[in-house]
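Here is the structure we will look at, set down as structure tokens.
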Amino acid sequence: MSALRWGRGAAGLGWALWPVSRPGLLAEEGTLGGLRGCRRSSSASPCEQDRRRDWGHAELLEVLEARVRQLQADNVSEVRAKLVDVARLPEADGSQSPKKVEAGNKGAALGFTSHWAQKLHKEKLVMQKRKQKLEETLQKEARKHQLRVEPQLLNRQLAGWLQRWEHGTPRSPWEEQLAQLLQEAPKRLSRKEEHDRADRLSKMRYEGQQQRLLAFLECCVLVDQLPLAHHVLVMHHSKSRQQRALTLPMYNTLLLGWARKGSFKELVYVFFMMKDAGLAPDLLSYAAALQCMGRLNQDASTIQRCLKQMAQDGLQLQELFTSLPLCKEDKAILLRAVRKAEPTFLPPQPPLPSFKVNTSPLLKEIYSTDNPASYPKQHLPLETLKDLFQQQLSVEMATVVTVDSVEKAPSLTEEVLQARKTLQELRTRWEAELCLALQQTKAREAQAAREGRPSLFPYLCLLSEGELTQLMLQTLQVLSQQGESLLSLAQELGMRIFNRHVVQRKQLSDEVQALQERYFKYLHLLASDTQVVMSRLPRQHWEALGTPEASQDQPWPLTLVVQLGKQLAEVLVQTVKMPSNLARQQDTHKLIPVLYHVYSFQSFRQIGILKPHPAFIQLLETAAERTMTFEAAEVPMLCPPLPWTSPHSGAFLLSPTKLMRSLEGTIQHQRLLEGCPPTELHGALDALTQLGNCAWRVNGRVLDLVLTIFNAKGCPRLGVPSPASEAPRPSKHRLPANASPEHKTELRRELARCLKVAREMHSLRTDALYRLSLAQHLRHRVFWLPHNMDFRGRTYPCPPHFNHLGSDLARALLEFAQGRPLGPHGLNWLKIHLINLTGLKKRESLQTRLAFADEIMNDILDSADQPMTGRKWWMEADEPWQALACCMEIARAVRAPDPAAYISHFPVHQDGSCNGLQHYAALGRDSVGAASVNLVPSDVPQDVYSSVAAQEFVWQASHYLVRQVFNSLQEMFSSTRAIQRWLTESARLIARSGLAVEWVTPLGIPIIQPYHHDTRVSIGGGIQSLTFCSSGDTNQKPNTLKQKNGFPPNFIHSLDSSHMMLTALHCYRKGLTFVSVHDCFWTHAADVAIMNQVCREQFVRLHSQPILHDLSRFLVERYCSGPRSTNAQVAKLQEMLLSVPKTGRGVPIAGWGLGLSSPSQDQSSWSSCSVLQGPSIWTR
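Here the sequence shown is numbered in my numbering, starting from 18 and rising by one per residue.
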């Protein structure tokens, strides 16, 4: 074999033995040529080229060494013969004899081999050093990409201990190391030290960083990327500055993850890091260690040592099974480990349901067991409710609901069919391209995580690439022609991923099956054909079932949500493309982006907007697809909601829902709720549950009429928005070359006005389309609207698009699913309600309104029978659609054989009047103000603004009138003015002390005002750097102006919500159907009188409490106690808080609104039922 062939073979063997990741040589024509060709044609970096050159030199050296060995081993005669043949060439000129040549060649051959051997040996030493150095460099780079397992400890004692144990001999078992570590490591921090540590961390503003890192670690564990989570934790722990941000829950997350895998070595490493950080193991830490021992079937002595150390740390064994959020499998393995050490151990039985109740005097009657109540039931039997639960469960497990659009379907022309086909082909291609782009994005994020950064990698693994693709395409589908800001789009995408992740996590666990079993038992309380031993409130019955609560899902930090959504939005922008000419789609070389990133100015701020290409919008309009997709939590429920039992449990079956709605990223409200004693929230929880348990149905007759107008270009006068085709168009005339600047300015204004109107019309039309499509989707269904509340306690239905909180049109589409007979007075209340809806007779008595309704009965019946072709009297009402619905209900009732027996589903409203002033007048015991806002008996409703205007001899100048009206209001409500000033000044001083204003409502709801100075948060990179403001962190400095201006109205709103909740609970106890829109109360016509009486009684009971003195006492304890009390500024604040305004000497509150007879006193005639003359119930 020749030297060249052997060299090729050696090189080939070298390549075969080298790992796949080693840089390869491209040449095929020999080693030297390959090296030259590689250097010449390579596009690698200089560092990479040097590396390749060094490896090439090493291989060349190997080839030459082999040749030398071959020459030395060959026969000398053979070498001589070859050299003689070569040496004979000079013989022609007679310069040398053959003998001399032969003798010289022999010496030359030996000298040649010796010279090359020395040279090659020297070169070999040089190359070995270079090769060794190169291998060290490669090993360092490889270590950078390897996941670190062994920690780098900062404590020298612990580091030396770990080092000696790792490299010492003989090596003791891991169990011995854990036992010694728990016993000999730094002692547990005291509670004070832990509190001080937390304060230091919060002052250093580590909270956001901590939240994100903890979320990253938890997410890694969920997606089975535990080694990656361990690697990132080790990287952070090895740097002292980053280690200070690490918390015990982070270490526990890793401990629990390794315990579930039975990885004892890694678990001990985490314990080493925990001790190195000065943190002591808590109950969850020991549970993880014991669970790991149980999985590995450790001996009893090891487990006993762990249990002994846990007891020495002051932790109780029973708490492992009662205080930790562990799944059934974890608890079973934990119990197996404990019983191995203590065979007689019995886990404590699940705690009996707590029957502690709220002790507030306002709720004493609600939770009293002396007079058991018979609460109302649903109108459906048990089996029907079970079937509805299964339907709702399927909806939430799918996470989305597909609804047919109510827009008029186009004719299926060839153009429409071709557009739909093109759209489908594009989506198919986009799905494949987006999946590939997501794979590449995940690879980049995985590399970032390997470098020690908490990247987006685990979050992108929560859902499959197909699910993420569908999510992005749904976002593209609903994007308006005007586009949407990148920030809002990113936040929406991020929250949708979180919601889907929560639902999927519950599906993979045993929570769904446990929920179904518990809910079926709960339905025995609600079903119409079942009985329970004891009639309780829904929350009480749910808690009495004894099943433990579902695990709590902590929301992701807002920065993470936005960054995740931004990443997906950028993938969508960069990936989704379409042919520039859709008519020739085969020409794929000319592709244009479907989404464009542009900038626009809004309120002097530059906003990045994602805007769809006009060609794509045109394609969607031509295809005219008749389906829309909604999130499951955006649609009313098909079964009764879960009762609210805690700040994180209630409403939807699987979809996460906040008890107290707030801006994303705001955590202060949730912290207050979680820190509140459970019994303090019972009033609010039960009221929200009661509001959500009201069953609804769609008013089909009204819906049909609205759809007819909606698809006939709308009618803005009736609240039915017109389509975009009806929007005003700017002038199409070309601007003359000699146009004046004034003319150009006018045209620009006209264009801006047209664009503004077009945007508003599109928004209104889309809102109506969503509402009407959902109404049509639920047309023949019974549904429920779960409720939650804002930070003041005001209640709202959770589904945003279709509920009773909307406009006149939205309210007219809804009616109670459960009907009640009108009874002797129900028809009269329907008539009065109709007149209230028209806006007529506002200043007249109830008898006058009733008489007026009888006078116009022909118009009422005509409106009901011929709404679009008759005299159309209903269209002139203030609330036309509700008036029409009421006309139809009255027509059916009066035509019934017995109107009193007619089953009515129509909700009758009682709207409050001047509620804020009513509460101020009641707080200040202001008799003059009380008379002006209907707090004392009167035959006709009072209008405070009319009374003020009469006092001031109204002048026609509007500005003067407004100024005089409010001056007179201050004179009439003198106590009100004093209370407002006290609240405002108290809030100002509290905010100046560096704290936000907090208080507790009379029903026990803790409230904090979320007004802080904004902190700017930036997320760089990508197509745009996003900067947004966050003001929901309690560590931020409060905004003094907003705090002091917001306290008086927010405090009054909290009183108003307390009054509504009290009314709701007492109406429920009396068997009424009750819902509210803030200060507007709804019930059946037959029950209006009872509701009005409850409303008055609860208003009086609420204001019989020392509300202002209770507020003063709370504020003093909250802001003026402790070390702060010696501060001069705090002393001034305390003086202000203690100076509670004095109340007036008006009529005692117990006598307000109770001067006339109630239904319980005289049921003989309707006229005696004059209970509307109490607070908050005179309509308009």
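By construction, the Cβ of each residue, glycine as well, lies at the ideal position given by its N, Cα and C atoms.
Checklist entry - So C236 is in the alpha helix (DSSP H); what residue range does that whole segment cover? => result To locate residue 236, count along the sequence shown from 1; it is residue 219. Note, C236: alpha helix (DSSP H), E224 to L239.
Checklist entry - What three-state label does DSSP hand G682 in the structure shown? => result Position 665 of the sequence shown holds residue 682. Coil.
Checklist entry - Excluding five sequence neighbours on each side, which residues of the same chain lie with their C-beta closer than 7 Å to the C-beta of L179? => result Here residue 179 corresponds to residue number 162 of the sequence shown, with the count starting at 1. L170 and F289, listed in sequence order.
Checklist entry - Which term fits Y539, buried or exposed, when burial requires 16 or more other beta carbons within 10 angstroms of its beta carbon? => result Here residue 539 is taken as the residue at index 522 of the sequence shown, counted from 1. Y539 is buried by the Cβ-count criterion.
Checklist entry - In the DSSP assignment, what are the bridge partners of T629? => result Counting from one through the sequence shown, the residue named residue 629 turns up at place 612. The sequence shown places Pro at residue 629, rather than the Thr named in the question. Answer is L612.
Next on the checklist: Taking its Cβ as the centre, do 16 or more other Cβ atoms sit within 10 Å of H797, making it buried, or is it exposed?
Outcome noted: Against the sequence shown, residue 797 aligns to sequence position 780. Counting Cβ neighbours within 10 Å, H797 comes out exposed, since fewer than 16 surround it.
Checklist entry - Going along the chain, which residues of its own chain have a beta-carbon closer than 8 Å to the beta-carbon of D527, five neighbours each way excluded? => result For the purposes of this step, residue 527 is taken as residue 510 along the sequence shown, with counting starting at 1. C344 and K345.
Checklist entry - Between H821 and the ligand SAH, is the CB less than 8 Å from at least one heavy atom? => result Although the ligand SAH was asked about, the structure shown includes no ligands whatsoever.
Item to check | Uninterrupted beta strand (DSSP E) stretches inside the stretch 985-1018 (no shorter than 3 residues) | outcome: 1015-1017
Next on the checklist: Quick check on DSSP: helix, strand or coil for F1091?
Outcome noted: The residue labelled residue 1091 in the question sits at position 1074 within the sequence shown. Here F1091 sits in coil by DSSP.
Checklist entry - Taking buried to mean at least 16 other C-beta atoms within 10 Å of its own C-beta, is E138 buried or exposed? => result Within the sequence shown, residue 138 is the residue found at index 121, counting from 1. The amino acid at residue 138 is misidentified as Glu; the sequence shows His. Counting Cβ neighbours within 10 Å, H138 comes out exposed, since fewer than 16 surround it.
Next on the checklist: Am I right that R522 and L239 are in contact with their C-beta atoms under 8 Å? What's the rounded C-beta distance?
Outcome noted: In the sequence shown, the residue the question calls residue 522 occupies position 505. In the sequence shown, the residue the question calls residue 239 occupies position 222. About 7 Å separates the two Cβ atoms, so the contact holds.
Item to check | F1098 - containing alpha helix (DSSP H), residue span | outcome: Here residue 1098 refers to the residue found at position 1081 of the sequence shown. Where F1098 is concerned, there is no enclosing alpha helix (DSSP H), although the beta strand (DSSP E) it sits in stretches over C1097 to H1101.
Next on the checklist: Between the alpha carbons of P753 and Q1053, how many angstroms are there, rounded?
Outcome noted: Translated into the one-based positions of the sequence shown, residue 753 becomes position 736. Translated into the one-based positions of the sequence shown, residue 1053 becomes position 1036. Straight-line Cα distance between these residues: approximately 56 Å.
Checklist entry - Is it buried or exposed for N314, if we count other Cβ within 10 angstroms and need 16 for buried? => result Walking along the sequence shown from the start, residue 314 turns up at place 297. Its Cβ having fewer than 16 others within 10 Å, N314 is exposed.
Item to check | Candidates D871, F833 and A834, of which the one nearest L1210 by Cα | outcome: Since the first residue shown for the chain is 18 and the last is 1197, residue 1210 is missing from the structure and cannot be characterised.
Checklist entry - So, D2 versus H254, is the Cβ gap smaller than 9 Å? => result Residue 2 lies beyond the stretch modelled for the chain, which goes from 18 to 1197, so this question has no answer here.
Checklist entry - Skipping 5 residues on each side, what residues in its chain have a beta carbon closer than 8 Å to that of A913? => result Translated into the one-based positions of the sequence shown, residue 913 becomes position 896. Cβ neighbours of A913 beyond the five flanking positions: Y919.
Next on the checklist: Helix, strand or coil, according to DSSP, for E896 in the structure here?
Outcome noted: The residue you call residue 896 lines up with position 879 of the sequence shown. Note: E896 maps to coil in three-state DSSP.
Checklist entry - Quick one: Cα of Q174 to Cα of P168, how far? => result Looking up residue 174 in the sequence shown gives position 157. Looking up residue 168 in the sequence shown gives position 151. Cα to Cα, Q174 sits roughly 14 Å from P168.
Next on the checklist: If I measure Cβ to Cβ from R10 and keep anything under 7 Å in the same chain, skipping five residues before and after, which residues do I get?
Outcome noted: Residue 10 lies beyond the residue range present for the chain, which begins at 18 and ends at 1197; the question has no answer from this structure.
Item to check | Buried or exposed by the 16-neighbour rule on C-beta atoms within 10 Å, applied to Q959 | outcome: Within the sequence shown, residue 959 is the residue found at index 942, counting from 1. Q959 comes out buried.
Checklist entry - Is P673 closer than 9 Å to V519 when the C-beta atoms are compared? => result Translated into positions along the sequence shown, residue 519 becomes position 502. Translated into positions along the sequence shown, residue 673 becomes position 656. Yes, the pair counts as a contact, with Cβ atoms nearer than the cut-off.
Checklist entry - With a Cβ-Cβ cutoff of 9 Å, do T706 and L562 count as a contact? => result Position 689 of the sequence shown, counted from the first residue, corresponds to residue 706. Position 545 of the sequence shown, counted from the first residue, corresponds to residue 562. It is not a contact, given that the beta carbons lie outside the stated cut-off.
Item to check | Whole runs of the beta strand (DSSP E) within the stretch 790-868, excluding any shorter than 3 residues | outcome: 804-806, 812-814 and 831-833
Item to check | Local conformation of H699 per DSSP, three classes | outcome: The residue you call residue 699 lines up with position 682 of the sequence shown. Residue state, collapsed to three classes: helix.
Checklist entry - Should K594 go down as buried or exposed, given a rule of 16 or more other Cβ atoms within 10 Å for buried? => result On the sequence shown, position 577 is the one that residue 594 refers to. Per the 10 Å Cβ criterion, buried.
Checklist entry - How many whole angstroms separate the CB atoms of S472 and E462, which I take to be in contact at a CB cut-off of 8 Å? => result Taking the first residue of the sequence shown as 1, we reach residue 472 at position 455. Taking the first residue of the sequence shown as 1, we reach residue 462 at position 445. Indeed, because the Cβ distance is near 4 Å, the residues count as touching under 8 Å.
Checklist entry - Excluding sequence positions up to five away, which residues of its chain have a Cβ less than 6 Å from the Cβ of K628? => result Position 611 of the sequence shown, counted from the first residue, corresponds to residue 628. Excluding residues within five positions, the ones whose Cβ falls inside 6 Å are G500, Y613 and V615.
Next on the checklist: What does the Cβ neighbour count give for F621, buried or exposed, with the cut at 16 atoms within 10 Å?
Outcome noted: Walking along the sequence shown from the start, residue 621 turns up at place 604. Classification of F621: exposed, given that the 10 Å Cβ count is below 16.
Item to check | CA-to-CA distance, R809 to G1063, given in whole angstroms | outcome: Mapped onto the sequence shown, residue 1063 falls at position 1046. Mapped onto the sequence shown, residue 809 falls at position 792. Near 11 Å, if we compare the C-alpha coordinates of R809 and G1063.
Checklist entry - For the beta strand (DSSP E) that I1036 lies in, which residues bound it at each end? => result What you label residue 1036 is simply residue 1019 of the sequence shown in a count that begins at 1. T1032 to I1036 is the extent of the beta strand (DSSP E) around I1036.
Next on the checklist: Taking the straight line between their C-alpha atoms, what separation do you get for P360 and R277?
Outcome noted: Locating residue 360 in the sequence shown gives position 343, where the first residue counts as 1. Locating residue 277 in the sequence shown gives position 260, where the first residue counts as 1. Distance between the alpha carbons of P360 and R277: 23 Å.
Item to check | From G682, V412 and Q408, residue whose alpha carbon lies closest to that of E16 | outcome: The first residue shown for the chain is 18 and the last is 1197, placing residue 16 beyond what the model contains.
Checklist entry - DSSP on F372, reduced to helix/strand/coil? => result As a first step, residue 372 must be located in the sequence shown, where it is residue number 355. If DSSP states are grouped into helix, strand and coil, F372 belongs with coil.
Next on the checklist: So, at 7 Å on beta carbons, what are the nonlocal neighbours of A938 in its own chain, with the 5 sequence-adjacent residues on each side left out?
Outcome noted: Your numbering for residue 938 matches position 921 in the sequence shown. Here the set comprises G946, A947, V950, L952, F990 and T993.
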